[in-house]
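In what follows, a structure is listed as structure tokens, so that the remarks can point back to it.
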Amino acid sequence: MNAQQLRRGVAQAALTDSEHLLQALMELELSLSSGDEPPAAKESHRHDATIALPSPRVLTTEQATHRFNIYLNAIEQSNSGDSVLVDPFSLQGNCSVEAIDLLLESLVRKLAALAQIAQERDTALILALPSETQLESWLKILQRLLEVAPSDAKLGIELSAASKRLLPTLGYLEKLTVDLTHPLFVRLYQCSYLSPQPWPFANCQPHLESTNSIHLNLMTACAFLESENNSGLTPALILQGPTIEPNLAALCEERGWRIDLLEASSASASETGETIQGAPCLHEGLTIVSERLNEITHSLRAKPMHGKPVIGSQPKGGSEPQTINHPGAVHDPIGEVQEATEDDTREAFALCTDAQIVWRDQAPYERHSIIERFTQLLCDQQLEVALIGATETGKPLKDLLEETRQGIQLIRQHLRLSTHVLSSTPLSASPGRTCTLTPHPLGTLLALLPWSQPIFQFCATTSAALLMGNALLIKPASRATLVSAHLYGLLLQAGLPANLTAFLPGSLESTGHFLLDDYRLDGVMFCGNPSAAAEVYRRLTRRVGAPPLPLLTDTGGRHLAIVDSDQDLNQILPRLIEAAFRDNGQNPGSLRVAYVEESIADRLEQMLKQALLNLRIGPPEHRATDIGPLITRDQMDRAYLQIERFRTKGRLIAHGEIRTELEEGYYVPPALLRLYSLDELQEQIDGPLLYIVRFNRDQIRRVTDEINRSGFAIALSLFTDDTTLSEHIEREARLAEYALAPSSDAGCAYPPTRSGVGLSGTTALPGTADYLKALARFQRASRPESLLDALD
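In our numbering, the protein residues as written are 1 to 792.
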């Protein structure tokens, strides 16, 4: 086979079933050809000559240049026989596996320059351990580098024995060494990936998990490397200690392979291959997933989407169809939506009210099994759901994929919690009696879903309401009807009783009012903005003679960050960018305001300016896109008006640029705006806008006072190593969510603000027992103990 066919095999191997792979490896019956009497196992301590380098995510050109200089200095200080690890993506600002074809030549030129200098010092240049997202990109880079680097340059790559694609990757690399007559070093790590990332195919992970399977994969790779099929790859093994297997030690001694040990608790020297991108989504960088997305895209274009009322599992005519256009190309239709009429809502109430009685009496495990089937269907169709959502709402595909993953996790949390919540709780009682508190469903509920989190909130409301035994009427947001309709179809496909739920698209002013005015309604779950929540409340209170209803409102909050002067700004920058501009800044958990300590403010603002220029603005369906179009023209106009207000006041710090070909969409460039106080931010404007407020440490009480005056639920991320400051914030600030994230923390602590506090509504946090309990009424029952004995 040629190199192209072998690389295709690497791509396909990502979906190999683990059991089939292990069976195939065992059937190969490959064995090591070391001597009959190998040396005894011996302890070894790692004396790694590799120069390890820190690798926070690189977002700016200045950071990329600085990283190149770090690698250059490391090479110049190296000794003969040393090796230097290089993360290719750190040589380009905001590098992405999805944009690799555009950046390939630039990256290769920089790597070739490093390889030239390394060759002069007899130092090996090794591409750091790639994640499964990065592997195919690394191979493209390496092939091109081999074509342009000096023939005697020492080049190599790190690979993990936890990768299912290890053997085909080695076969491809061997073919490259033959075709290009350039040997390669290969460093094989026995340990598993540090933090395997989400994967779109739930039943087929791209990595091995068990110790035995990883060991078998490693031994098979070693058998290939020592066989006559390999002539150009020189391996080095990095194994988990404390000892080396005798036959493997003998092989390495016989072949002259380097072998080192890692402590079991240690990470590999190249762990930055996993942490460089923060938390990359494994939907990126994989040919097999790209092909699947292309198939889905062609299917959607061939058959326009429809969002019709569905009652009793049957589509209804509804009102006149309304065309939905793509927010990134406003003249391109993507589907049609029909609003539910008043007659539709009446029919839905009649069917759901009767069906709820039967559903209420079903055993909890039967309800569980249906929701579990829905979860599995959602897992299987993550790509379809996310792509429909991106096309309709304008949110970047990678952000919708993450939202889908969060929705799946939330359903599983509700499944775990509901068993406990549905159980009767014993209460104290007088002598001779027993007393219990038993949950019962509320009845027929209405879910008013938002456009900002259509997938997450659909998963939250439907799973919670149905698990607690309620019937549910679903009214999606007008600009998130198509993705909600697809999710509803999966719910019916899972086996949900046809009459138990109804899908009723339409505006709040029409369909919403029909639903809120019906006296058969037993509760409302609302997610949206505060003014719409107030309208829902007013509508419910106007129902003359109707009893008060449970109204659970989630109207979002504000996400703030405080950055102290003791922080490493290279570590902080990617977290701020990700939190502020994910979901186009239209997520309730998007970072709105960053308080920055005065002494580092100029430097951080300069870095943020540079980072904005490297953010990719483009069609939401493209996985390389960082910022897509806003959902409506009104949202776009409000965001531009806010930018112009700040420009007029001389407080526009920086903004990105919109390319000419994107002018037909609702695109808004990311912008940095200066505030002098949080009190100035009277209006919540959704969009890629980040406000910067400077503060001095001696004014920290002013900061906490501003936070407490906001009236919203506040999620605060505090970046400091000062315990005095963190204790003050935790004690004085009234926060719904709080995350202490010092610079040494590799994770990104940006919790979404979804708990109802003050102006942020009344609902509890989805995924908690309180959220489920709010969808039930509780009955206190007292009985004589003698009666219970008789029943037993």
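Every residue gets a Cβ at the ideal spot worked out from N, C-alpha and C, and that includes glycine. Fair warning: this is a prediction, and the values are worked out from it, not measured in the lab.
Is the beta carbon of residue j closer than 8 Å to that of residue i?
| i | j | result |
| --- | --- | --- |
| leucine 417 | alanine 769 | yes |
| alanine 236 | phenylalanine 185 | yes |
| leucine 630 | proline 327 | yes |
| proline 670 | phenylalanine 581 | yes |
| histidine 559 | arginine 603 | no |
| alanine 594 | leucine 448 | no |
| leucine 518 | threonine 345 | Contrary to the premise, residue 518 reads as aspartate rather than leucine in this sequence. Yes, the pair counts as a contact, with Cβ atoms nearer than the cut-off. |
| proline 304 | glycine 318 | no |
| alanine 480 | proline 454 | yes |
| threonine 555 | asparagine 587 | no |
| leucine 473 | leucine 446 | yes |
| alanine 221 | leucine 166 | yes |
| proline 550 | alanine 774 | yes |
| alanine 355 | alanine 471 | yes |
| leucine 225 | isoleucine 296 | no |
| arginine 539 | threonine 444 | no |
| leucine 248 | leucine 262 | no |
| arginine 694 | alanine 601 | yes |
| isoleucine 75 | alanine 13 | no |
Near residue i, which residues of its chain fall below 7 Å by C-beta distance, leaving aside the five closest residues on each side in sequence?
| i | result |
| --- | --- |
| leucine 176 | Ala3, Gln143 and Leu146 |
| arginine 360 | Pro441 and Gly469 |
| glutamate 621 | Thr297, Leu387, Ala390, Thr391 and Leu397 |
| serine 265 | Unreliable placement is indicated for serine 265, whose pLDDT of 42 sits below 50; the coordinate value is still reported in the next sentence. Cβ neighbours of serine 265 beyond the five flanking positions: none. |
| phenylalanine 68 | Leu91 and Lys110 |
| glycine 747 | Caution is warranted here: a pLDDT of 37 is assigned to glycine 747, below 50, making its placement in the model unreliable, and no coordinate value can be reported. |
At which residues does the beta strand (DSSP E) containing residue i begin and terminate?
| i | result |
| --- | --- |
| aspartate 343 | Here aspartate 343 belongs to no beta strand (DSSP E); instead the alpha helix (DSSP H) covers 342-361. |
| proline 784 | 776-784 |
| valine 385 | Looking at the DSSP string, valine 385 is not in any beta strand (DSSP E); the run it does join, the alpha helix (DSSP H), is 382-393. |
| cysteine 527 | 523-527 |
| asparagine 325 | 322-326 |
| valine 330 | 329-337 |
| alanine 447 | 444-448 |
| phenylalanine 185 | 184-189 |
| leucine 85 | 83-86 |
| phenylalanine 503 | 501-503 |
Provide the residue span of the alpha helix (DSSP H) that contains residue i, from first to last.
| i | result |
| --- | --- |
| serine 478 | Premise fails: serine 478 is in no alpha helix (DSSP H) and is neither H nor E. |
| alanine 594 | Unbroken run through alanine 594 is the beta strand (DSSP E), 591-597; no alpha helix (DSSP H). |
| methionine 305 | From DSSP, methionine 305 is part of no alpha helix (DSSP H) but of the beta strand (DSSP E) over 305-307. |
| phenylalanine 458 | 454-467 |
| valine 536 | 530-541 |
| threonine 724 | 723-732 |
| leucine 293 | 287-302 |
| valine 544 | Taken as a continuous stretch (DSSP letters only), valine 544 belongs to no alpha helix (DSSP H), as it is neither H nor E. |
| proline 574 | 569-581 |
| alanine 769 | 769-773 |
| arginine 7 | 3-12 |
| alanine 223 | 211-226 |
| alanine 250 | 246-255 |
So who's on the other strand from residue i, going by DSSP bridges?
| i | result |
| --- | --- |
| proline 588 | Its beta-bridge partners do not exist; DSSP assigns none. |
| aspartate 260 | Ile238 |
| proline 396 | Beta-bridge pairing links proline 396 to no other residue. |
| glutamine 314 | Ile311 |
| tyrosine 738 | Leu716 |
| arginine 433 | Pro784 |
| alanine 601 | According to DSSP, which records beta bridges pairwise, alanine 601 is partnered with nothing at all. |
| arginine 57 | Note: arginine 57 sits in no beta bridge, so no partner. |
| valine 703 | Its beta-bridge partners do not exist; DSSP assigns none. |
| alanine 471 | Thr444 |
| glycine 761 | Asp554 |
Excluding the 5 residues flanking residue i on each side, which residues of the same chain have their C-beta closer than 8 Å to its C-beta?
| i | result |
| --- | --- |
| serine 478 | Val337, Trp451, Pro505, Gly506 and Ser507 |
| serine 726 | Leu718, Thr720 and Leu740 |
| histidine 420 | Ala769 |
| leucine 772 | His414, Leu417, Ser418, Val421, Ala464, Leu467 and Met468 |
| histidine 47 | Confidence at histidine 47 is low in this model, with a pLDDT of 37, below 50, so its placement is unreliable and no value can be given for it. |
| histidine 215 | Ala161 and Gln190 |
Please work out which residues of its chain come closer than 6 Å, Cβ to Cβ, to residue i, disregarding the five sequence neighbours upstream and downstream, and give them in chain order.
| i | result |
| --- | --- |
| leucine 111 | Leu145 |
| valine 536 | Phe526 |
| isoleucine 643 | Ala671 |
Threshold first: 3 residues or longer. Then list the beta strand (DSSP E) segments lying entirely within the region 635-697, N to C. For the region 635-697, whole beta strand (DSSP E) runs of length 3 or above, ordered along the chain, are 652-655, 671-675 and 689-695.
At which residue ranges does the region 107-182 contain complete beta strand (DSSP E) runs of 3 or more residues, listed in the order of the chain? Annotation note: the region 107-182 contains the following uninterrupted beta strand (DSSP E) runs of length 3 or greater, listed N- to C-terminal: 124-127 and 155-160.
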